[in-house]
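Quick notes on the structure that follows.
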Amino acid sequence: MAFELEIVTPERTLYSGRVEHVRAPGIDGGFGVLTGHHPMVSALGIGELRFREDGGQEKLAAVNGGFAEVLRNRVTVLAETAELADTIDASRAEAARGRAKDRIKSWQDPEVDMERAEAALARAINRLKIIG
Numbered sequence: 235m236a237f238e239l240e241i242v243t244p245e246r247t248l249y250s251g252r253v254e255h256v257r258a259p260g261i262d263g264g265f266g267v268l269t270g271h272h273p274m275v276s277a278l279g280i281g282e283l284r285f286r287e288d289g290g291q292e293k294l295a296a297v298n299g300g301f302a303e304v305l306r307n308r309v310t311v312l313a314e315t316a317e318l319a320d321t322i323d324a325s326r327a328e329a330a331r332g333r334a335k336d337r338i339k340s341w342q343d344p345e346v347d348m349e350r351a352e353a354a355l356a357r358a359i360n361r362l363k364i365i366g
C-alpha cells in the first residue's frame, strides 16, 4: 500500500506523490517508513533521502537538514535544502567541495567560520555521493 510523500524546501515543493517506502537521514541515524508507521517527528541530518514511488521507481534526493513528520500515512519532509538526484549538477557540487576544502585549509584565518565551512563540505560530499 502506498502513502503520500511531500518534500518541501523554503523555496518550493520538490516532490509530492504516492510512495511505497521512505528512508531518511535522521540526526541520530537513518530511519524507514512504510504504510501504517506510527506518528513521529525527526530532525534530519545531511544525507540521502531514498523513496520508492507507487509502481516501483526508486528515487534519491540529497537532503541537508530539516524535519520529517510521519502522520496518518503521510510523510512530510521540511528540508533546509534538498535536490533530487537527477537535478544535481556534478560540476557545481565539485566546485562547492573545492571551495569548502579551501576554506577549511585556511583554518587559522579568523575570517573563516569553520563550522560553516565543514557543513558546506558535508553538503557537497553528500550531493556528489547521491549522483554516484
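According to this note's numbering, the sequence shown is numbered sequentially starting from 235. No residue lacks a Cβ here, since even glycine has one placed at the ideal position from N, Cα and C.
- Counted as a single uninterrupted DSSP element, the stretch harbouring Met274 is not any alpha helix (DSSP H) but the beta strand (DSSP E) occupying residues Met274 to Glu287.
- Annotated three-state conformation of Ile241 is strand, per DSSP.
- Annotation for Arg337: Val346 and Ala351 place their beta carbon closer than 6 Å to its own, counting only its chain and skipping 5 residues before and after.
- Under DSSP, Lys293 shares a beta bridge with Phe285.
- In the DSSP assignment, the residues bridged to Ser250 are Glu240.
- With a 10 Å radius around the Cβ and a threshold of 16 neighbouring Cβ atoms, Leu268 comes out exposed.
- Taking 8 Å as the cut-off, the Cβ atoms of Phe301 and Val253 do not count as close.
- By a beta-carbon distance limit of 8 Å, Ala324 contacts Ile365. Their separation comes to about 6 Å.
- The straight-line gap separating the alpha-carbon atoms of Thr247 and Pro344 is approximately 38 Å.
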